[in-house]
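Some notes on the structure that comes next.
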Amino acid sequence: MALREEQILRYSRQILLREVGGRGQEKLLAGGVRLKAAGTAGLTAAAYVAAGGTAVEAGPEPLASGAEGFLVQAEEVGRPGAEVLARVLPDVNADALPARGTGRLAELPAVWDGEGPWVALGGDGTRGVAVFRSAAGCAGCFEATTAALAAPPSGALGVGLGALGALILQRLLLGMGPVLGACGWEAPGVLTDLPMRRCARCG
Numbered sequence: 001m002a003l004r005e006e007q008i009l010r011y012s013r014q015i016l017l018r019e020v021g022g023r024g025q026e027k028l029l030a031g032g033v034r035l036k037a038a039g040t041a042g043l044t045a046a047a048y049v050a051a052g053g054t055a056v057e058a059g060p061e062p063l064a065s066g067a068e069g070f071l072v073q074a075e076e077v078g079r080p081g082a083e084v085l086a087r088v089l090p091d092v093n094a095d096a097l098p099a100r101g102t103g104r105l106a107e108l109p110a111v112w113d114g115e116g117p118w119v120a121l122g123g124d125g126t127r128g129v130a131v132f133r134s135a136a137g138c139a140g141c142f143e144a145t146t147a148a149l150a151a152p153p154s155g156a157l158g159v160g161l162g163a164l165g166a167l168i169l170q171r172l173l174l175g176m177g178p179v180l181g182a183c184g185w186e187a188p189g190v191l192t193d194l195p196m197r198r199c200a201r202c203g
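Our numbering applies: residue 1 is where the sequence shown begins, and numbers increase by one.
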């Protein structure tokens with residue numbers, strides 16, 4: 001897929017990055033992610049992913065209290081995420097619709113399906129946690145790790161976790177970085193690598 005002139009202008013900052021370039025931007029535009037999120041972390045991630053050119057499809061989950069302020073107005077809390085994002089994402093980036101691809105971006109708890117990449121946003125009580133896998137990563141280890149986590153934090157910590165999740169998803173779409181991993185995100189922006197739990201197959 002060749003970039004159109006207006007897309008070259010829109011994504012010029014990303015295209016100038018050596019790790020992305022024109023070919024990488026084409027990959028981001030060709031990618032897609034299904035979103036299961038009703039809170040701050042997931043909606044922040046959706047906004048950044050969409051702004052980068054990757055299609056986002058939201059699920060029917062009602063938006064939770066605390067989601068308002070980024071893409072969502074206060075009066076839209078309680079309405080289905082798919083309905084609200086279908087209205088607001090074209091203003092963020094018309095390239096981000098309609099959704100395509102097999103990526104999954106979700107706030108925990110969630111069910112995981114599709115080829116990947118997968119990015120889970122959760123928390124362990126003291127920090128936000130992003131767990132990720134490419135299509136080549138072990139789904140069992142990914143699910144074992146996410147099973148030990150709770151829902152992601154809200155507020156400023158949730159916004160930071162969502163931005164981190166979007167960056168991780170973009171790197172996976174570009175074929176960069178490890179195929180499986182987890183990161184902890186603590187205020188004020190301290191990022192740490194976390195160990196993965198092993199599934200029965202990987203021991």
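Built from N, CA and C at the ideal position, the CB exists for glycine as well.
Being a predicted model, the structure only gives us computed values, none of them experimental.
| Check | Outcome |
| --- | --- |
| Test item: CB-CB of residue 120 and residue 130 under 8 angstroms | yes |
| Endpoints, alpha helix (DSSP H) assigned at residue 201 | Residue 201 -> no alpha helix (DSSP H), and no H or E assigned at all. |
| Through-space distance from residue 162 to residue 38, alpha-carbon basis | 12 angstroms |
| Limits of the unbroken beta strand (DSSP E) element including residue 193 | 190 to 194 |
| CB of residue 74 within 8 angstroms of CB of residue 40, strictly | no |
| Nearest-angstrom Cβ-Cβ length linking residue 89 and residue 82, presumed shorter than 8 angstroms | Contact doesn't hold; Cβ gap of about 10 angstroms is too wide. |
| Inter-residue spacing [alpha-carbon to alpha-carbon] between residue 76 and residue 58 | 15 angstroms |
| Cα-Cα separation between residue 28 and residue 47, rounded to whole angstroms | 14 angstroms |
| Three-state secondary structure (DSSP) of residue 83 | helix |
| Secondary structure of residue 166, DSSP reduced to three states | helix |
| Residue closest to residue 84, alpha-carbon to alpha-carbon, out of 146, 62, 200 and 173 | 62 |
| Nearest residue (CA-CA) to residue 159, options 23, 12, 71 and 142 | 71 |
| Candidates 150, 186, 14 and 142, of which the one nearest residue 127 by Cα | 186 |
| Neighbour-count burial assignment, residue 168, 16 or more Cβ in a 10 Å radius | buried |
| Proximity of residue 171 and residue 177 at Cβ, strictly below 8 angstroms | yes |
| Distance CB(residue 80)-CB(residue 60) smaller than 8 angstroms | yes |
| Beta-carbon proximity check, residue 117 vs residue 140, cutoff 8 angstroms | no |
| Start and end residues, alpha helix (DSSP H) containing residue 121 | No alpha helix (DSSP H) holds residue 121; the beta strand (DSSP E) holding it covers 118 to 123. |
| Sub-8 angstroms separation of residue 42 and residue 143 beta-carbons | no |
| The beta strand (DSSP E) enclosing residue 10, as first and last residue numbers | Element bounds for residue 10: not the beta strand (DSSP E) but the alpha helix (DSSP H), 5 to 10. |
| Residue 111 - DSSP class collapsed to helix/strand/coil | coil |
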